[in-house]
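Okay, so here's the structure we're looking at.
Numbering (my numbering), first residue to last: 2 to 397.
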């Protein structure tokens with residue numbers, strides 16, 4: 002394929018993935034401002050509302066590995082496109098549904114597109130960009146997901162009712178699905194043929210999984226993200242609460258908490274570029290040691306600019322890990338582009354288990370309900386993540 006055409010298709014692929022990240026993240030984070038009205042309208046409990054919010058994570062936990070295998074063995078454009086169609090159907094159910102059960106199914110389906118993009122993003126972009134460019138491009142894609150979350154939180158309260166709000170997320174899913182099929186192209190290179198594929202890809206599912214699951218370096222990436230996500234969820238979920246315990250009012254606490262999200266957004270763009278000069282392993286050391294201090298103790302900063310800066314930097318140092326770590330498997334010689342989908346699926350599964358298991362079943366219980374201690378333990382998770390990254394080969 003001629004160079005100019007390849008660059009154009011690479012840019013189109015990045016645009017398709019960036020647009021694809023908008024809809025599922027926007028749809029999920031629309032729920033937060035609608036909590037009170039939904040609980041009243043549907044006559045559900047707070048725990049049932051929480052299950053609606055986490056429903057999009059269900060396919061990610063259960064199907065990320067399956068998604069990776071399917072993308073490795075079949076047509077990536079078609080496989081991911083089907084996931085977008087299914088998510089669009091979920092968005093239709095959200096608009097039309099009037100019961101808890103229908104919305105639970107609808108929001109679970111909306112998570113399919115995100116789960117396929119999260120697990121296979123490195124594979125999908127790595128087919129078009131060099132390993133040196135991959136972290137930077139993934140960072141751009143992750144930034145779009147953060148933008149979608151921020152816009153949803155800021156604007157949903159202005160809709161007259163929840164159906165109107167959900168209709169906009171449906172429109173975004175329609176646009177994302179059309180954009181995916183219109184923009185993404187499978188690379189037209191000989192090495193994508195079945196004949197040129199390695200034996201693991203040509204063989205059955207069992208051998209494909211065995212090759213990836215037995216790779217200890219893929220597990221190191223997954224475990225590093227397991228720790229990062231545990232710390233991230235503690236920060237995302239409990240910063241407003243711990244600030245209010247200091248006597249800061251709820252509105253101001255939410256304002257301060259948004260600095261964490263903005264810091265994560267900025268890091269997705271800047272950290273991959275910085276890593277090119279420092280090297281990935283050195284960057285992990287800087288990110289995670291700084292994250293330890295800021296996650297563990299940043300919430301204690303004096304109210305005002307210093308607190309805002311501390312939370313912004315906490316988001317920056319935690320969030321910068323994401324694009325760097327997700328790009329690692331495709332750089333491993335025994336994984337590469339051919340097995341990157343399956344490896345990404347395994348990594349995404351372990352990552353999301355960290356988001357569920359660490360905060361609820363490890364950090365908060367270990368802290369005995371003391372949020373201050375929980376934040377320190379979340380900071381320690383960042384040091385553990387750093388230890389896992391130091392065991393990775395130098396070339397990542």
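Here a beta-carbon is modelled for each residue, glycine too, at the ideal position from N, C-alpha and C.
Nothing here was measured: the structure is a model prediction, and the numbers come from that model.
So what's residue i in DSSP terms, helix, strand or just coil?
i, result
"residue 184", "helix"
"residue 215", "coil"
"residue 159", "helix"
"residue 1", "Nothing can be reported for residue 1: it is not among the residues displayed for the chain, which extend from 2 to 397."
"residue 4", "helix"
"residue 1", "Outside the modelled stretch of the chain, which goes from 2 to 397, sits residue 1, for which no answer is possible."
"residue 130", "coil"
"residue 221", "helix"
"residue 371", "coil"
"residue 77", "helix"
"residue 65", "helix"
"residue 308", "helix"
"residue 29", "helix"
"residue 24", "helix"
"residue 1", "Residue 1 falls outside the range modelled here, since the chain spans only 2 to 397, and no answer is possible."
"residue 191", "The predicted model places residue 191 with a pLDDT of 42, which falls under 50 and marks its position as unreliable, so this point remains unresolved."
"residue 246", "coil"
"residue 302", "coil"
"residue 164", "helix"
"residue 98", "coil"
"residue 366", "helix"
"residue 330", "helix"
"residue 392", "coil"
"residue 11", "helix"
I think residue i touches residue j, with their Cβ atoms under 8 Å apart; what is that distance to the nearest whole Å?
i, j, result
"residue 346", "residue 125", "Their Cβ separation, rounded to whole angstroms, is 12 Å, which puts residue 346 and residue 125 out of contact at 8 Å."
"residue 140", "residue 330", "That belief does not hold up - the Cβ atoms of residue 140 and residue 330 are roughly 16 Å apart, past 8 Å."
"residue 398", "residue 165", "Not covered by the structure: residue 398. The range shown for the chain is 2 to 397."
"residue 344", "residue 336", "5 Å"
"residue 110", "residue 142", "No, residue 110 and residue 142 are not in contact; Cβ-Cβ is about 21 Å, not under 8 Å."
"residue 115", "residue 85", "At roughly 10 Å, the Cβ-Cβ gap does not stay under 8 Å, so residue 115 and residue 85 are not in contact."
"residue 18", "residue 101", "Contact doesn't hold; Cβ gap of about 32 Å is too wide."
"residue 92", "residue 155", "With 8 Å as the limit, residue 92 and residue 155 do not qualify as a contact, their Cβ atoms being about 20 Å apart."
"residue 285", "residue 390", "4 Å"
Are there 16 or more other CB atoms within 10 angstroms of the CB of residue i, so buried, or fewer, so exposed?
i, result
"residue 223", "buried"
"residue 217", "exposed"
"residue 214", "exposed"
"residue 306", "exposed"
"residue 95", "buried"
"residue 280", "exposed"
"residue 233", "buried"
"residue 229", "buried"
"residue 158", "exposed"
"residue 289", "buried"
"residue 321", "buried"
"residue 283", "exposed"
"residue 362", "exposed"
"residue 303", "exposed"
"residue 133", "exposed"
"residue 301", "exposed"
"residue 211", "exposed"
"residue 248", "exposed"
"residue 186", "buried"
Residue range of the alpha helix (DSSP H) that residue i falls in?
i, result
"residue 257", "251–279"
"residue 323", "322–327"
"residue 119", "101–127"
"residue 49", "47–55"
"residue 342", "337–358"
"residue 38", "36–43"
Determine whether the Cβ of residue i lies closer than 9 Å to any Cβ atom of chain C.
i, result
"residue 13", "Among the chains in the structure shown there is no chain C, since it carries only a single protein chain."
When every heavy atom of the ligand FMN is checked, does at least one fall within less than 8 Å of the C-beta of residue i?
i, result
"residue 158", "The model on display carries no ligand, and the ligand FMN is accordingly not part of it."
Subject >> Stretch-stretch touch, CB-based, cutoff 8 Å, three pairs: the segment 120–139 with the segment 4–19 >> reply: Cβ pair count under 8 Å is three or more, so yes.
Original post:
Taking contact to mean at least 3 C-beta pairs separated by less than 8 Å, is the segment 312–323 in contact with the segment 254–262?
Top reply: Contact holds: three or more Cβ-Cβ distances are below 8 Å.
**OP:** Check whether the segment 21–28 touches the segment 138–155, taking contact to mean three or more Cβ pairs, one atom from each stretch, closer than 8 Å.
**Re:** Yes, the segment 21–28 is in contact with the segment 138–155.
Original post:
Do the segment 47–63 and the segment 352–368 touch if we need at least three Cβ pairs shorter than 8 Å?
Top reply: When C-beta atoms of the segment 47–63 are compared with those of the segment 352–368, three or more pairs fall below 8 Å, so the two segments count as touching.
**OP:** Decide if the segment 368–386 is in contact with the segment 295–303; the criterion is three or more beta carbon pairs, one per stretch, under 8 Å apart.
**Re:** Contact between the segment 368–386 and the segment 295–303 is present, because at least three Cβ pairs lie under 8 Å.
**OP:** Taking 8 Å as the threshold, find out whether the segment 361–370 comes into contact with the segment 267–281 through three or more Cβ pairs.
**Re:** Taking 8 Å as the limit for Cβ pairs, the verdict is that the segment 267–281 does not touch the segment 361–370.
Original post:
Counting Cβ pairs closer than 8 Å, one from the segment 29–42 and one from the segment 174–189, do we hit at least three?
Top reply: Because the criterion of three Cβ pairs below 8 Å is not met, the segment 29–42 and the segment 174–189 do not touch.
**OP:** Inspect the CB distances between the segment 239–247 and the segment 371–378 and report whether three or more fall short of 8 Å.
**Re:** Enough Cβ pairs lie closer than 8 Å, so yes.
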